[in-house]
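**Q**
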Amino acid sequence: MNVRLHTEAKFGLSSMVAPLRRVAMRRPGRATLEADPGLWHYAGRLEPDRLRRQYDAFAECVAASRAEIEWIGAAGDDGLADAIFPFDPSFMTPRGAILLRPGKALRRGETASHEALYRRLGVPVIGTIEAPGIAEGGDLLWVDEHTLAAGRGFRTNQAGIDQIQAIVAPLGIEVRAFDLPMWNGSAACLHLLSLVSPLDRDLALFYPRLFPVALRELMRERGIQLLAAGDGEFRASGGLNLNVLATAERRCIALGGFPETVRLMRDAGCDVACFDGDALCIPCEGGPTCLTLPIHRDHPPPQTKTVP
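The working numbering runs 45 ahead of the 1-based position in the sequence shown.
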């Protein structure tokens with residue numbers, strides 16, 4: 046594990062619901078549009094024209110939230126089909142970014158473009174996850190500004206979680222690990238954020254059948270109301286009805302076509318923007334949160350603890 050601490054940062058976050066001010070995204074290119082579905086565990090050959098249109102519609106939703114979009118460039122045809130889902134290869138903290146080490150080996154080449162992005166933007170990299178650790182952003186959930194939940198499963202292991210804890214401990218942040226179910230096995234994508242999406246500081250959408258009991262109790266102790274999504278739309282979407290991007294408190298972007306889930310959020314006072322993703326999200330196992338890499342949210346960083 047390589048740790049580099051900085052005392053000041055112009056970018057950062059410790060929330061998943063505070064107003065989103067800057068976000069990184071990567072447009073789909075040849076690597077994605079011509080990807081081998083068997084290799085990348087996609088549902089089948091992708092439809093390039095429909096996928097591009099749906100991606101553009103999603104990007105318009107993000108822009109409408111007034112978040113500044115920083116585009117991650119591709120070095121020619123780099124072969125990184127999953128790179129359109131930049132949430133996983135790195136993770137932002139109040140003091141800078143952590144370069145992760147994806148559990149899906151095909152994705153490990155993506156961290157170089159994230160490091161280049163942060164260098165271009167002047168965002169410090171405060172740590173790097175190294176072997177034997179693995180960790181993906183989709184397994185990391187801000188419960189509050191001092192508590193980070195980590196899903197332990199096929200994509201994030203205990204060695205990765207331990208390294209993350211060592212990196213963020215000087216920032217006054219505790220990492221708590223929760224085991225994920227096997228679900229459809231190691232080839233499928235099941236992250237912690239496949240089972241829960243924060244909508245406000247005191248509100249989250251979750252799928253109770255697969256959710257860790259201990260995390261449910263922790264969130265309730267912290268005063269977070271949990272909205273239980275039903276079985277039908279979870280199964281029909283492969284869990285992507287739960288993948289909701291909060292652009293501010295009770296303002297979010299969700300995958301269209303799942304009205305019961307949207308109604309559940311709207312009944313709780315959420316403003317929900319929807320986009321079609323049956324050619325973009327469903328076949329590739331990635332939703333609105335996965336399609337973005339939050340860089341900055343309006344949220345006061347926690348006080349840094351003194352390192353003994």
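The beta-carbon is built from N, C-alpha and C at its ideal position, and this holds for glycine as well.
Please classify P353 as buried or exposed, where buried requires at least 16 neighbouring CB atoms within 10 angstroms.
**A** Caution applies to P353, whose pLDDT of 34 falls short of 50 and renders its modelled position unreliable; the value that the coordinates give is listed next. Exposed, by the Cβ-count rule.
**Q** To which residues of the same chain is P347 closer than 7 Å at the C-beta, ignoring the five residues directly before and after it?
**A** Unreliable positioning characterises P347 in this predicted model, as indicated by a pLDDT of 45, which lies under 50. The coordinate reading is nonetheless provided below. Answer for P347: S59, P139, E190, H191, L216, G217, I218, listed in chain order.
**Q** Quick test of the definition: if touching needs 3 or more C-beta pairs under 8 Å, does the region 288-302 touch the region 85-100?
**A** Judged by Cβ distances under 8 Å, the region 288-302 makes no contact with the region 85-100, as fewer than three pairs qualify.
**Q** DSSP state of S110, grouped into three classes?
**A** Reduced to three states, the DSSP call for S110 is coil.
**Q** So for S282, helix, strand or coil by DSSP?
**A** The answer is helix: DSSP assigns S282 an H, G or I state.
**Q** Starting from the Cα of E330, find the closest Cα among L285, L338, H341 and give me that residue.
**A** Closest by alpha carbon: L285.
**Q** DSSP state of E115, grouped into three classes?
**A** Three-state result, E115: strand.
**Q** Whole angstroms are fine: how far does the CA of T77 sit from the CA of Q270?
**A** Roughly 37 Å separates the two Cα atoms.
**Q** The beta strand (DSSP E) that contains A318, what's its start and end?
**A** Note, A318: beta strand (DSSP E), 316-320.
**Q** What did DSSP end up calling P243 once you bin it into helix, strand or coil?
**A** Strand at P243.
**Q** Starting from T292, trace the beta strand (DSSP E) in both directions and tell me its first and last residue.
**A** Element bounds for T292: 290-293.
**Q** If the criterion is Cβ atoms closer than 7 Å, does the pair S240 and L255 meet it?
**A** Inspection of the sequence shows that residue 240 is occupied by Leu rather than by Ser. Yes, Cβ-Cβ distance for L240 and L255 is below 7 Å.
**Q** With three or more beta-carbon pairs closer than 8 Å as the criterion, would you say the region 138-152 touches the region 65-76?
**A** Flag = no, the region 138-152 and the region 65-76 do not touch.
**Q** Which value, in whole angstroms, describes the spacing of the CA atoms of G172 and R261?
**A** The alpha-carbon atoms of G172 and R261 are separated by roughly 29 Å.
**Q** Leaving aside the five residues before and after E115 along the sequence, list all residues of the same chain whose C-beta is less than 6 Å from its C-beta, in chain order.
**A** Counting only Cβ-Cβ distances below 6 Å, and skipping sequence neighbours, we find A69.
**Q** Could you give the residue range of the alpha helix (DSSP H) that holds H86?
**A** No alpha helix (DSSP H) contains H86, which DSSP labels as neither H nor E.
**Q** Please tell me whether R71 and P131 are closer than 7 Å, where the distance is taken between their beta carbons.
**A** A contact, by the Cβ cut-off of 7 Å.
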